[in-house]
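Asker: My questions will all concern the structure given below.
In the numbering used here, the protein residues as written are 102 to 614.
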């Protein structure tokens with residue numbers, strides 16, 4: 102990877118976390134028991150194994166399907182269907198045919214999407230597609246080392262960013278073979294950048310149509326996984342490869358933007374009308390809203406801009422009782438749709454779709470700009486600087502910026518205390534890019550000066566991030582089942598703040614005159 106540290110950062114931010122792997126491992130262990138139970142009562146030889154990213158280690162934050170091969174001898178579609186349908190723990194079962202294997206079924210189990218692939222057991226992998234599929238995990242183990250798993254993850258993210266469907270290029274197994282062929286992600290980008298046909302055939306036996314992207318089934322060579330790949334898609338990936346080789350920061354911004362967009366779109370589907378849309382820690386959110394509202398009531402600004410407003414709950418909470426012109430902005434159209442519903446009866450509040458780093462407002466239009474847990478959601482240091490520059494542009498001289506965010510310093514401080522009590526430290530979420538306090542103040546210094554730092558959440562965080570999980574551990578409860586909506590959280594949110602453990606602090610800036 103050379104000096105392209107941004108590629109490494111993409112991997113670190115979007116690869117599956119240890120928490121993701123723990124959950125997948127638990128589901129796979131339980132699912133294995135179910136599959137063995139299914140197979141135990143069936144006639145004829147049979148077997149199963151896992152394939153795909155959850156087996157090879159190349160799982161990303163964007164997808165974590167668990168794929169399972171079910172092999173029968175002789176194979177029977179009726180047996181495959183009946184064995185799965187008769188097990189009541191598998192939800193939303195859907196069956197379909199394939200031109201590679203006899204049957205594919207998808208279902209949900211333990212909150213995860215499961216793929217079941219039916220094949221005939223014992224087929225010769227050198228001469229049959231079903232036997233080839235059975236050996237896919239073996240290919241991955243033989244041809245990919247630990248560092249190349251990272252490169253496979255980056256390859257998957259590349260196709261995600263460009264919006265090229267998996268059925269066009271063949272999915273994760275195609276990426277694994279491409280990385281095996283070219284060595285690493287950077288080499289793959291160089292190959293794509295040449296705009297020439299790519300041909301990968303580990304079998305050396307492929308005799309099919311020679312498309313622009315040929316990646317065969319590696320043992321039998323009977324089929325091209327990427328036979329639907331188009332000339333337009335090759336040109337897109339070629340042009341983009343050139344751009345990100347020249348500017349790796351672009352890949353970082355695009356990949357995290359893509360992940361964030363998908364994350365918030367999924368949250369909008371589930372929690373669009375909920376107070377918990379922006380954060381499950383609703384009592385902390387309410388406390389933050391009260392803090393900002395108190396500040397705004399003292400200065401009674403004419404125009405207020407709330408950047409990263411999500412579904413509008415906080416915007417309305419922070420500006421309650423004010424006659425100001427209030428505008429909330431977010432780039433998530435689903436969130437803005439819900440925000441507009443909440444604001445129907447508020448004549449002075451409107452919500453618009455837009456990007457925080459390219460605001461469509463006049464210079465000096467606003468008296469106050471609020472960035473509450475918004476700057477940390479930007480994808481890079483450059484994009485965070487662009488947001489601050491835009492805020493400085495749309496604020497009038499002497500206008501105020503209320504920036505409510507965590508910093509790496511505050512995360513480290515409470516993490517150190519947690520670890521002193523034997524609790525795991527805190528880590529920033531994948532969709533956030535937390536600044537250090539020093540870097541935050543450096544970014545804003547050209548346009549603003551710091552009036553004060555307000556820490557009103559210290560007591561709340563000590564109780565909810567230290568004492569509460571300690572009590573869970575003492576009682577032997579599952580730490581993954583910690584909640585944010587308990588009476589303890591509600592009561593703690595009204596206690597006076599003591600100490601300096603606030604994870605989220607309010608930085609009050611004034612625009613230079």
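Cβ coordinates follow ideal geometry from the N, Cα and C atoms, glycine included. Computed from a predicted model, the values in this text were never measured in an experiment.
Taking 8 angstroms as the threshold, find out whether the segment 510–518 comes into contact with the segment 476–488 through three or more Cβ pairs.
Answerer: Touching, no, given that fewer than three Cβ pairs across the two stretches are closer than 8 angstroms.
Asker: What is the rounded straight-line gap between the Cα of residue 426 and the Cα of residue 477?
Answerer: Taking the straight line from one Cα to the other gives about 26 angstroms.
Asker: In chain order, which alpha helix (DSSP H) runs of at least 4 residues are fully inside the segment 528–584?
Answerer: For the segment 528–584, whole alpha helix (DSSP H) runs of length 4 or above, ordered along the chain, are 538–545, 559–563 and 569–575.
Asker: Assuming residue 279 is part of the alpha helix (DSSP H), what are its boundary residues?
Answerer: Unbroken alpha helix (DSSP H) run through residue 279: 273–283.
Asker: Helix, strand or coil, according to DSSP, for residue 608 in the structure here?
Answerer: It is a strand residue.
Asker: Nearest by alpha-carbon distance to residue 265: which of 316, 594 and 327 is it?
Answerer: Considering only alpha carbons, the answer is 327.
Asker: Does the beta-carbon distance from residue 610 to residue 549 come in below 9 angstroms?
Answerer: Cβ atoms of residue 610 and residue 549: closer than 9 angstroms.
Asker: Where DSSP assigns a beta bridge to residue 52, which residues make up the other side?
Answerer: Since the displayed the chain opens at 102 and closes at 614, residue 52 lies outside it and no answer follows.
Asker: Compute the Euclidean distance between the alpha carbons of residue 578 and residue 570, then round it to the nearest angstrom.
Answerer: About 9 angstroms.
Asker: Return the Cβ separation of residue 358 and residue 480 in integer angstroms, given the expectation that the two are a contact with Cβ distance under 8 angstroms.
Answerer: Residue 358 to residue 480, Cβ: 5 angstroms. Contact.
Asker: In whole angstroms, what is the alpha-carbon distance linking residue 524 and residue 565?
Answerer: The alpha-carbon atoms of residue 524 and residue 565 are separated by roughly 13 angstroms.
Asker: Excluding five sequence neighbours on each side, which residues of the same chain lie with their C-beta closer than 8 angstroms to the C-beta of residue 236?
Answerer: So the list reads 226 and 320, once near-sequence residues are dropped.
Asker: Going by DSSP in three states, residue 265 sits in which element: helix, strand or coil?
Answerer: Note: residue 265 maps to coil in three-state DSSP.
Asker: For residue 258 versus residue 346, is the C-beta spacing smaller than 9 angstroms?
Answerer: Not a contact, by the Cβ cut-off of 9 angstroms.
Asker: Along the alpha helix (DSSP H) that carries residue 595, what are the first and last residues, could you check?
Answerer: Residue 595 -> no alpha helix (DSSP H), and no H or E assigned at all.
Asker: For residue 187, list the residues DSSP reports as bridge partners.
Answerer: Paired residues: none, contrary to the question.
Asker: DSSP state of residue 374, grouped into three classes?
Answerer: Coil at residue 374, not helix or strand.
Asker: Just the C-alpha distance for residue 282 and residue 296, rounded to the nearest angstrom, thanks.
Answerer: Answer to the nearest angstrom: the Cα atoms are 17 angstroms apart.
Asker: Determine contact between the segment 147–164 and the segment 108–128, defined as no fewer than three beta-carbon pairs at a distance below 8 angstroms.
Answerer: Contact holds: three or more Cβ-Cβ distances are below 8 angstroms.
Asker: Within 10 angstroms of the Cβ of residue 596, are there 16 or more other Cβ atoms? Answer buried if so, exposed if not.
Answerer: Result: exposed.
Asker: From what residue to what residue does the alpha helix (DSSP H) around residue 461 run?
Answerer: From DSSP, residue 461 is part of no alpha helix (DSSP H); its letter is neither H nor E.
Asker: With distances taken Cα to Cα, identify the nearest neighbour of residue 391 among 528, 213 and 557.
Answerer: Per the Cα distances, 557.
Asker: So that I know if they touch, is there some Cβ in chain D lying closer than 9 angstroms to that of residue 193?
Answerer: Checking the listed chains, one finds no chain D in this structure; it contains a single protein chain.
Asker: Tell me whether residue 455 sits in a helix, a strand or coil according to DSSP, three-state version.
Answerer: Correct three-state label for residue 455: coil.
Asker: Looking at residue 107: is its Cβ nearer than 9 angstroms to the Cβ of residue 290?
Answerer: Their beta carbons are not under 9 angstroms apart, which means residue 107 does not touch residue 290 by this criterion.
Asker: To which residues of the same chain is residue 385 closer than 7 angstroms at the C-beta, ignoring the five residues directly before and after it?
Answerer: Correct list, in chain order: 558, 561 and 594.
Asker: Starting from the Cα of residue 110, find the closest Cα among 188, 586, 612 and 254 and give me that residue.
Answerer: Per the Cα distances, 254.
Asker: Would you kindly work out how many angstroms separate the C-alpha atoms of residue 504 and residue 387, rounded to a whole number?
Answerer: Cα-Cα distance, rounded: 16 angstroms.
Asker: In chain order, which beta strand (DSSP E) runs of at least 3 residues are fully inside the segment 480–535?
Answerer: Listed in chain order, they are 496–507.
Asker: Since I believe residue 372 is in contact with residue 408 (beta carbons under 8 angstroms), could you give me their beta-carbon distance rounded to a whole number of angstroms?
Answerer: Wrong, their Cβ atoms sit about 20 angstroms apart, outside the cutoff.
Asker: Between which two residues does the alpha helix (DSSP H) containing residue 112 stretch?
Answerer: Its alpha helix (DSSP H) spans residues 106–115.
Asker: Counting only runs of 3+ residues fully inside the segment 401–453, write out the beta strand (DSSP E) ranges in chain order.
Answerer: Runs of the beta strand (DSSP E) inside the segment 401–453: 404–408 and 426–431.
Asker: What is the rounded straight-line gap between the Cα of residue 131 and the Cα of residue 138?
Answerer: Roughly 11 angstroms separates the two Cα atoms.
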